[in-house]
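Below is one structure, written out as structure tokens, with a few remarks after it.
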Amino acid sequence: MPSRSGSRGRRPRPAPEVAAPTAVQVSSSGSSEEGSDEEEEEGSEGSGDGARSPGGSASKYKAAESEAEAEDPCLPSCPICMVAWTADGSHRVSCIPCGHVYGRHCLEMWLLQYGKKKAPCPQCGKRYTQNNIINLYVPEIVVPNNDLEKQVLSLRERNEYLEKQQAKLLEEIKEHKRQIMLQQNIIYESNKKRQRVTEQSSDGILGAELIASHTKDIDHNNLSSFALQNEFLVDGARVMGIDASSQIILTSGRAHGVSAEHILTKVSMFHGHGMEKIHLPPDTKAIRDICVLPGGHVVFASLGRKLSIFSMATNNVVLQYDLPAPGWSCSGDYTTSSHIYAGLQNGMLLVFDIRQTSAPLHSSMGLSTHPVHTIHCAVDGSGSRKVFSASSIGPCVWDASENRPSLVSGMENQGVCISLACSSPSSDVLVASYRPRVELPDAIATSQASTPQSPAPTVSGKLGCHTLLRRTTATSFARDHICSGSVSELRMSKSAIIPCRDNQHLFAYGDESLYGVRTWRLPSFQRYTDLKPHRQPVLDLRYAESSTGERYLGCLSAEKLQVFTIR
């Protein structure tokens with residue numbers, strides 16, 4: 001008869017000396033455990049009653065137990081055989097009335113070992129029968145491989161370390177870039193002063209007048225002066241919008257990473273570290289144009305066929321329209337705060353009323369199916385609303401009473417229109433920028449034989465032209481002066497008309513030969529000044545004026561954002 005003295009108060013001995021089920025692999029070292037189980041089984045056969053004997057089998061059991069616990073103390077396993085139980089099969093996880101959990105096979109063998117219909121629980125001694133064994137239905141039990149777990153933990157630690165190192169290196173790179181930008185500013189200002197000194201010396205200006213010229217303009221007829229207010233590192237930005245009243249700039253571009261999403265970056269114009277990343281809905285895709293509206297809202301058109309209204313206060317998209325084609329441009333309305341405009345990739349112009357969220361208020365087909373890359377809403381001398389747009393065929397005027405726009409007279413066959421600047425809110429002056437069309441080889445040969453060649457630019461870009469258009473009547477414009485400039489061969493660039501005193505204007509454009517902004521006087525197109533260059537081409541250029549009269553010019557490239565104060 002088996003003794004019951006060892007069933008209470010201490011860990012039970014593996015009386016049945018049950019071999020571990022071969023179907024369950026606890027770890028990569030499972031073969032050694034099977035060997036120890038076989039040795040225990042042989043020892044129990046030799047001793048006759050290994051369950052009650054405190055001899056060698058118990059010491060082997062303790063060794064196996066300590067080995068299993070040392071291998072993984074958190075591994076769920078049967079307290080009798082120290083082998084992980086399974087979700088089904090002969091060694092499935094089971095319990096008895098006292099609540100303790102074992103493998104079913106071990107409970108049955110434990111009951112058989114006692115040779116009675118009842119046997120004590122190996123942990124608490126409460127007796128149970130064969131009918132008391134309850135199968136527990138649990139999700140599939142996954143027994144981890146300890147070696148793989150260690151490898152995973154090691155890789156995770158390595159990954160965390162590398163991520164920290166990457167973040168540290170990125171910060172160091174940003175700091176180096178800031179230092180380089182500061183040094184470039186010093187060099188640029190020094191060269192500018194030296195150039196002024198040289199020009200004044202050649203004009204005979206000496207002594208105190210020469211020194212004073214370092215801090216004030218030598219030309220008393222200067223329309224405006226540009227002071228570089230701030231520079232920001234903005235990797236990957238492509239388009240921008242300026243809220244001059246709130247002194248906030250929004251830029252948009254693709255975030256870092258293989259499948260990076262498009263994000264907005266909110267930049268405080270006068271705080272070097274005031275940048276906030278804003279994630280957009282995943283179906284927005286790339287933003288092509290941004291327009292700041294009154295009242296703290298921004299509208300942007302995106303290639304995800306969305307026209308979105310964004311709240312600057314909550315940093316959320318508060319209204320979104322579905323477009324029939326990808327959006328390329330957008331604008332607000334100076335005559336009413338409820339109307340917004342969207343130019344599409346297929347040449348359409350849509351008008352929306354933000355008080356109606358179901359469909360556009362009005363839609364018109366363009367003169368071509370080329371993308372509408374620029375929209376300006378302005379007023380004429382009589383206060384009537386005028387909507388101007390530009391696609392590759394040239395600048396157009398839209399009339400709400402007609403279904404199609406009209407091309408500005410005299411602008412046929414000028415080349416590929418890549419930009420249109422408007423003197424908003426009035427529309428008395430327009431400047432359209434063009435690059436040459438890519439002609440067929442035969443046409444190129446004919447034109448080369450009949451016309452003299454224009455000088456090609458000696459640096460990057462393509463030789464294009466800027467054409468001034470001046471209003472003659474309420475609905476017509478006349479072509480005025482033209483100047484040449486280095487323009488992009490691929491991009492639809494942005495330009496701006498800056499109002500100055502005495503009803504005069506400056507024209508600003510991101511010149512490809514400079515990698516910076518060049519300004520001209522209007523209407524003569526006399527070169528005015530070149531602003532500090534970038535190391536990459538200018539992608540976007542925006543002029544903005546606050547409600548209190550402060551004027552700003554923003555200049556964006558793929559590497560940095562410049563903010564100029566205009567005085």
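Numbering follows UniProt numbering, in which position 171 of the sequence shown is assigned residue number 171; successive positions increment by one, without gaps. Yeah, the Cβ is synthetic: ideal placement off N, Cα and C, and Gly gets one too.
Contact between G464 and M240 does not hold, since their C-beta atoms are separated by about 23 Å, which reaches or exceeds 8 Å. Within the DSSP secondary-structure output, D147 pairs in no beta bridge.
Contact check for K164 and L233: beta-carbon distance about 21 Å, past the 8 Å limit, so the pair fails to qualify. A check of alpha carbon separations from P122 across W110, I133, G115, Q130 identifies W110 as the nearest. Here the alpha carbons of G516 and K532 stand approximately 6 Å from one another.
Sequence-distant Cβ neighbours of S427 in its own chain, meaning closer than 8 Å and more than five residues away, are H376, A378, V379, D380, K386, F388, R471. Secondary-structure assignment with DSSP links S268 through a beta bridge to I248. Counting of Cβ neighbours within 10 angstroms places H271 among the exposed residues, the total staying below 16. Within the model, the alpha-carbon separation for K118 versus I133 is close to 11 Å.
Between the C-alpha atoms of S406 and S368 there is a straight-line separation of about 11 Å.
Annotation: R104 is outside any beta strand (DSSP E); the continuous alpha helix (DSSP H) that includes it extends over 104-114. Considering only L136, M82, L228, L107, the residue with the shortest C-alpha distance to R567 is L228. A contact between stretches requires three or more CB pairs, one per stretch, nearer than 8 Å, and the region 235-255 fails this requirement with the region 504-519. Rounded to the nearest angstrom, the gap between the Cα atoms of V438 and S484 is 18 Å. Under DSSP, no beta-bridge partner is assigned to R238.
Residue pairing of P120 in beta bridges, as defined by DSSP: R127. If you draw a 10 Å sphere on the C-beta of H279, you find fewer than 16 other C-beta atoms in it, and that means exposed. Judged by DSSP secondary structure, H370 falls outside any beta strand (DSSP E); it is assigned neither H nor E. By DSSP's assignment, M275 forms a beta bridge with V267.
Per the C-alpha coordinates, the member of N146, T467, P523, N315 positioned closest to M411 is T467. With contacts defined by Cβ atoms closer than 7 Å, P436 and G461 do not form a contacting pair.
The Cβ atoms of C106 and C81 lie closer than 7 Å to each other. For S406, the beta-bridge partners assigned by DSSP are V397.
Rounded to whole angstroms, L350 and C396 show a C-alpha spacing of 15 Å. Closest by C-alpha distance to D480, out of R542, E171, V408, T374, is V408.
N191 has its alpha-carbon roughly 50 Å from the corresponding atom of Y321. Across the structure, A508 and L162 are spaced so that their CA atoms are roughly 45 Å apart.
Cα atoms of K560 and Y543: separation of roughly 17 Å, rounded to the nearest angstrom. In this structure, R104 is the residue among G89, A87, D88, R104 with its C-alpha nearest to the C-alpha of C95.
Look at K462 here: in three-state DSSP terms it is strand. Between the C-alpha atoms of E108 and D88 there is a straight-line separation of about 15 Å. Counting of Cβ neighbours within 10 angstroms places T86 among the buried residues, the total reaching 16 or more. Taking the CA atoms as reference points, N131 sits about 47 Å from R156. Per DSSP, S484 is one residue of the beta strand (DSSP E) stretching across 477-487. By a beta-carbon distance limit of 8 Å, A496 contacts L541. Their separation comes to about 6 Å. The alpha-carbon separation between A478 and S392 amounts to approximately 19 Å.
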